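Protein sequences appear in the order of chains C, Z, V and G.
Residue 126 in the numbering used here is what sits at position 69 of the first sequence, and the numbering runs on without skipping anything.
Residue 124 in the numbering used here is what sits at position 67 of the second sequence, and the numbering runs on without skipping anything.
Residue 165 in the numbering used here is what sits at position 108 of the third sequence, and the numbering runs on without skipping anything.
Residue 171 in the numbering used here is what sits at position 114 of the fourth sequence, and the numbering runs on without skipping anything.
Protein chains: 4
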Amino acid sequence: MSHLDQMLRSHPQKPQVDETVLRNCIDACLDCLSSCSACSDACLAEEDVQPLVRCIRLNQDCADVCGITARILSRKSSADWAMVRSMLETCAMACQECGQECGHHADHHEHCRFCAQACGACEQACNDLIVEVPAALP
Amino acid sequence: MSHLDQMLRSHPQKPQVDETVLRNCIDACLDCLSSCSACSDACLAEEDVQPLVRCIRLNQDCADVCGITARILSRKSSADWAMVRSMLETCAMACQECGQECGHHADHHEHCRFCAQACGACEQACNDLIVEVPAALP
Amino acid sequence: MSHLDQMLRSHPQKPQVDETVLRNCIDACLDCLSSCSACSDACLAEEDVQPLVRCIRLNQDCADVCGITARILSRKSSADWAMVRSMLETCAMACQECGQECGHHADHHEHCRFCAQACGACEQACNDLIVEVPAALP
Amino acid sequence: MSHLDQMLRSHPQKPQVDETVLRNCIDACLDCLSSCSACSDACLAEEDVQPLVRCIRLNQDCADVCGITARILSRKSSADWAMVRSMLETCAMACQECGQECGHHADHHEHCRFCAQACGACEQACNDLIVEVPAALP
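This is the structure in structure tokens:
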């Protein structure tokens, strides 16, 4: 149902990075945004919230960072790839930290297990795109 | 690849609205967020930007509204469905206005044509969810 | 230190609503955005989180809605005042609900007391601007 | 009118970085968020948009990055200062690039001149806070 492929292909400028890697990263960021928002909320709805406090905190940072990364990457004519790379590095760090914390609760809470997967996939997708960036730098 | 289904199903609370309708709406909002961000950027990269100024403006509002609607809907334990309904109505309005403007440029710019589709799908998904909300109200 | 006044006055279009009311509303939304983000975090850092779960949830919605309302209002050439009004109504609702919940904890937690004030000020500023909108409608 | 000072002081945890430097940075990020949103819109309302295309693009990235940085910094109990530092570096880069581009149009457009000031102040505030971060790292 996603229109992302079509949107990227119909852009008037020639792509500056591999479009499949770019699209995968936007997809993964959007998935991680909704997963982390949902996980934060699911944690808050658990009977015993206290052990999940750090998870909720990191979920919020990670959702924020992933959401903005997706927006920045969707503007593919970006003139400032050095900043984009720094944003991708920040996003990979947020995903790693959040995914690790979610992983600690994976045995007790299914939502943490799924969220850890979403974070891991997004971290990987960011790192895959970081490799592509140098070619786009001036 | 999306973890949204699993995230919603693993939430500790019983769903307050139909989960398929909810998930479709979150998906459509995220698709419309990236489509509008990409369309705004593609418009700015066109040779003749002037006729697209209103499209770029509405793309920005629509991207913002859809992104925040997706976040709010991902927190499904929401205690305030009256606010959620108002947000959905706002989102449907933003999508309608932006989709209509994109539609005017659909013959000249493929990205506007695809973006109009994303806006139309999101408007529909919001309206489908609005119908579900009353049951969740206190 | 804020540049908002200067930014609004240097816009090439004639204002469509009273600029002081508009600026006050953007200011109040930004203040409520940071207050709700901070309150959500302060609640999570309290020794007994459980009674604050609803507060944290509403803080997140309110921060999201206020942040996006500020962005939309900063784009003052907006062509779609019906949508802006709907966004302002949504924002006033989110502020009312969040401010009310924060108020319940005002005696125990100073941050909830201050956050309730920020929410109340933002709700008022939104309602003040809603009164101005009709003149801008086509 | 801002409640930010009170919010930061009423947080149950002891501050991990200098609170004045932290507050200044959040303030500067929020000011830059609204300035860049307003500048992007003012540029789109100019008679001759074409020379401002890059400015509009960078305004969008900068507004996004500043807005999310303010949110992350408002959650001062952050457990992940390495990520916060990376976010601050990204924000300083976005502000530098956007401020430089706005500066090129400062003689022709007052809004670009004011926005360049907001970007410069935010870049400085981020760099001031980056200096404070090491003490907070584990």
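The C-beta atom is built at its ideal place from N, Cα and C for all residues, glycine as well.
Please read all numbers here as calculations on a predicted model, not as lab measurements.
8 Å CB neighbourhood of L130/G in its chain, flanking five on each side removed:
What you label residue 130/G is simply residue 73 of the fourth sequence in a count that begins at 1. Correct list, in chain order: L79, C82, I83, C86, V141 and L186.
Under a CB-based cut-off of 7 Å, is L101/C close to chain V?
To locate residue 101/C, count along the first sequence from 1; it is residue 44. Yes, contact with chain V.
Can you name the residues of chain V whose CB is closer than 7 Å to the CB of D118/C?
Numbered from its first residue, the first sequence carries residue 118/C at position 61. The contacting residues do not exist; D118/C stays about 10 Å from chain V at best.
S143/Z - DSSP class collapsed to helix/strand/coil:
The count along the second sequence starts at 1 and reaches residue 143/Z at position 86. When DSSP states are grouped into helix, strand and coil, S143/Z belongs to the helix group.
Tell me which same chain residues have a C-beta within less than 6 Å of the C-beta of Q70/G, skipping the five on either side of it?
Residue mapping note: residue 70/G aligns to position 13 of the fourth sequence, counting from 1. When the five nearest sequence neighbours on each side are left out, the beta carbons in the same chain lying within less than 6 Å of the beta carbon of Q70/G are those of S134, in order along the chain.
With a threshold of 8 Å, are at least 3 pairs of Cβ atoms found where one atom belongs to the region 153–173 of chain V and the other to the region 169–182 of chain Z?
Flag = no, the region 153–173 of chain V and the region 169–182 of chain Z do not touch.
In whole angstroms, what is the alpha-carbon distance linking S67/C and V110/V?
Position 10 of the first sequence holds residue 67/C. Position 53 of the third sequence holds residue 110/V. Distance between S67/C and V110/V, taken at the CA atoms: about 45 Å.
Interface flag, D137/Z vs chain V, CB-CB below 7 Å:
The sequence position of residue 137/Z within the second sequence is 80, counting from 1. Cβ-Cβ to chain V under 7 Å: yes for D137/Z.
H162/G, DSSP secondary structure in three states:
Taking the first residue of the fourth sequence as 1, we reach residue 162/G at position 105. Coil at H162/G, not helix or strand.
Quick one: which residues of the region 76–103 of chain V get their C-beta closer than 7 Å to a C-beta of chain Z? List them in chain order.
Cβ contacts with chain Z come from no residue of the region 76–103 of chain V.
Taking the CB atoms as reference points, tell me whether E76/Z and L61/Z lie closer together than 7 Å.
Working through the second sequence from its first residue, we reach residue 76/Z at position 19. Working through the second sequence from its first residue, we reach residue 61/Z at position 4. E76/Z is not a Cβ neighbour of L61/Z, given a cutoff of 7 Å.
R114/Z: which of C96/Z, E189/Z, P195/Z and A182/Z sits nearest, CA to CA?
For this step, residue 114/Z is matched to residue 57 along the second sequence. Among C96/Z, E189/Z, P195/Z and A182/Z, the Cα nearest to that of R114/Z belongs to C96/Z.
If you reduce the DSSP assignment to three classes, tell me which class E104/V lands in.
If you number the third sequence from 1, residue 104/V lands on position 47. The DSSP-derived three-state label of E104/V is coil.
Near-chain G residues of the region 168–182 of chain V - C-beta to any C-beta below 9 Å
Correct list: H168, C169, R170, F171, C172, Q174, A175 and A178.
Please classify E104/V as buried or exposed, where buried requires at least 16 other C-beta atoms within 10 Å of its C-beta.
Position 47 of the third sequence holds residue 104/V. Counting Cβ neighbours within 10 Å, E104/V comes out exposed, since fewer than 16 surround it.
Could you spell out where the alpha helix (DSSP H) holding A182/Z opens and where it closes?
For the purposes of this step, residue 182/Z is taken as the residue at position 125 of the second sequence. Note, A182/Z: alpha helix (DSSP H), E167 to E189.
Can you say whether Q107/G is buried or exposed, counting buried as having 16 or more other CB atoms within 10 angstroms of its CB?
Stepping through the fourth sequence from its first residue, residue 107/G is reached at position 50. Of the other Cβ atoms in all chains shown, fewer than 16 fall within 10 Å of the Cβ of Q107/G; this residue is therefore exposed.
Residue nearest to S59/G in terms of C-alpha spacing, selected from A99/V, P195/V, C89/V and R128/V:
For the purposes of this step, residue 59/G is taken as residue 2 along the fourth sequence, with counting starting at 1. Among A99/V, P195/V, C89/V and R128/V, the Cα nearest to that of S59/G belongs to C89/V.
Under 8 Å by Cβ, that's how I've got C93/Z and A127/Z pegged, so tell me the actual separation to the nearest angstrom.
Taking the first residue of the second sequence as position 1, residue 93/Z is located at position 36. Taking the first residue of the second sequence as position 1, residue 127/Z is located at position 70. About 12 Å; that fails the 8 Å criterion.
A127/V touches chain G at which residues, Cβ-Cβ below 9 Å?
Here residue 127/V refers to the residue found at position 70 of the third sequence. Correct list: L87, L90, S91, S94 and G124.
Whole angstroms are fine: how far does the CA of A182/Z sit from the CA of E154/Z?
Residue 154/Z sits at position 97 when you count from the first residue of the second sequence. Residue 182/Z sits at position 125 when you count from the first residue of the second sequence. Distance from the CA atom of E154/Z to the CA atom of A182/Z, rounded to whole angstroms, is 15 Å.
Taking 7 Å as the cut-off, decide whether the C-beta atoms of C112/G and E158/G are in contact.
Within the fourth sequence, the letter at position 55 stands for residue 112/G. Within the fourth sequence, the letter at position 101 stands for residue 158/G. Yes, the pair counts as a contact, with Cβ atoms nearer than the cut-off.
Per DSSP, what kind of secondary structure is Q80/V in: helix, strand or coil?
Here residue 80/V corresponds to residue number 23 of the third sequence, with the count starting at 1. A small correction: the amino acid at residue 80/V is Arg; Gln does not occupy that position in the sequence shown. In this structure, R80/V counts as helix in the three-state DSSP scheme.
Where L145/Z falls, given that 16 or more other Cβ within 10 Å makes a residue buried:
Taking the second sequence and counting its residues from 1, one reaches residue 145/Z at position 88. Result: buried.
Please classify A99/Z as buried or exposed, where buried requires at least 16 other C-beta atoms within 10 Å of its C-beta.
To locate residue 99/Z, count along the second sequence from 1; it is residue 42. By the 10 Å Cβ count, A99/Z comes out buried.
Is Q70/Z close to chain C, meaning its C-beta is less than 7 Å from at least one C-beta of that chain?
Within the second sequence, residue 70/Z is the residue found at index 13, counting from 1. Taking Cβ atoms only, chain C reaches closer than 7 Å to Q70/Z, which makes this a yes.
Given A149/C, which residues of its chain have a CB within under 6 Å of its CB, disregarding the five upstream and five downstream residues?
Along the first sequence, read from residue 1 onward, the residue named residue 149/C stands at position 92. Hits under 6 Å: E180, C183 and N184.
Return helix, strand or coil for R132/G, following the three-state DSSP convention.
Within the fourth sequence, the letter at position 75 stands for residue 132/G. It is coil, neither helix nor strand.
Using a C-beta cutoff of 7 Å, does M150/V count as contacting chain Z?
Residue mapping note: residue 150/V aligns to position 93 of the third sequence, counting from 1. Judged by the 7 Å Cβ criterion, M150/V is in contact with chain Z.
Whose C-beta lies closer than 7 Å to the C-beta of L56/V among residues of the same chain, with five residues either side of it excluded?
Only positions 58 to 195 of chain V appear in the structure, and residue 56/V is not among them; the question remains open.
Please decide whether Q63/Z counts as near chain C, where near means a Cβ-Cβ distance under 7 Å.
Numbered from 1 along the second sequence, position 6 holds the residue referred to as residue 63/Z. Judged by the 7 Å Cβ criterion, Q63/Z is in contact with chain C.
Buried or exposed, going by whether 16 or more other CB atoms sit within 10 Å of the CB of A192/G?
Here residue 192/G refers to the residue found at position 135 when the fourth sequence is read from its first residue. Classification of A192/G: exposed, given that the 10 Å Cβ count is below 16.
Can you give the Cα-Cα distance for C176/V and V188/C, rounded to whole angstroms?
Start at 1 with the first residue of the third sequence, and residue 176/V comes out as number 119. Start at 1 with the first residue of the first sequence, and residue 188/C comes out as number 131. Distance between the alpha carbons of C176/V and V188/C: 44 Å.
Using only CA atoms, which one of G156/C, S143/C and Q174/C lies nearest to V190/C?
The residue labelled residue 190/C in the question sits at position 133 within the first sequence. Scanning G156/C, S143/C and Q174/C for the CA closest to the CA of V190/C turns up S143/C.
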